[in-house]
């Protein structure tokens, strides 16, 4: 959760950004798959974009011609990163990771832990958008989610800690991932 009443441009989000970069780069491979990091980065950037929008409306962030909310969210991520091999060093790399995360989100639906059911073939389609166009990918993602047992999807609301839909990258999520993998 992004704290309210403080302009998002003044927040220190470096720990979150660096943790996501480590998951995406595979440095947390034993605990979390890179797909988890892509999904969470996409969600994180979405939250930052929403907060930038709200801060602009409240007059906390001045409007600059040609600078959209998503662009400022990417600027925040770039500024928050530490140096190192896991850092996403350019705007285009962050945008590409967000796009990949969005495609993974379409596949996993309500829970990032559904990543455990997908094979390396799915990863190819997620990362290489030349393999399938967006409309075909959406149909494939919807068909894949239709094959997930309803009981597993219902756990989203009924299980402790939000079931399979844990938002954090805490020990509970890592524990579930290790158990299923």
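In my numbering, the protein residues as written are 1 to 181. Each residue gets a CB set at the ideal place from its N, CA and C atoms; glycine is no exception.
Rounded to a whole number of angstroms, what is the C-alpha to C-alpha distance between residue 13 and residue 122? By one-based count along the chain shown, residue 13 stands at place 13. By one-based count along the chain shown, residue 122 stands at place 122. Roughly 30 Å separates the two Cα atoms.
Starting from residue 88, trace the alpha helix (DSSP H) in both directions and tell me its first and last residue. Residue numbering aside, residue 88 sits at position 88 when the chain shown is read from its first letter. Neither: residue 88 is in no alpha helix (DSSP H) and is coded neither H nor E.
What residue range is occupied by the uninterrupted alpha helix (DSSP H) comprising residue 54? For the purposes of this step, residue 54 is taken as the residue at position 54 of the chain shown. Where residue 54 is concerned, the enclosing alpha helix (DSSP H) stretches over 34 to 57.
Taking the C-alpha atoms as reference points, what is the distance between residue 21 and residue 7? Along the chain shown, read from residue 1 onward, the residue named residue 21 stands at position 21. Along the chain shown, read from residue 1 onward, the residue named residue 7 stands at position 7. Roughly 23 Å separates the two Cα atoms.
C-alpha gap between residue 114 and residue 28, whole angstroms: Walking along the chain shown from the start, residue 114 turns up at place 114. Walking along the chain shown from the start, residue 28 turns up at place 28. Pairing residue 114 with residue 28, the inter-Cα distance amounts to about 18 Å.
Distance, residue 112 Cα to residue 159 Cα: Sequence index remark: in the chain shown, residue 159 carries index 159 (1-based). Sequence index remark: in the chain shown, residue 112 carries index 112 (1-based). Residue placement at residue 159 is poorly supported in this model, since its pLDDT is 48, which falls under 50; the coordinates are not used for a value here.
Go ahead and pull the three-state DSSP assignment for residue 102. Indexing the chain shown from 1 puts residue 102 at position 102. In the three-state reduction of the DSSP assignment, residue 102 falls in the helix class, which pools H, G and I.
DSSP three-state label for residue 172, please. Residue numbering aside, residue 172 sits at position 172 when the chain shown is read from its first letter. Reliability fails at residue 172, whose pLDDT of 40 lies under 50, so the model's placement of it is uncertain and no value is given.
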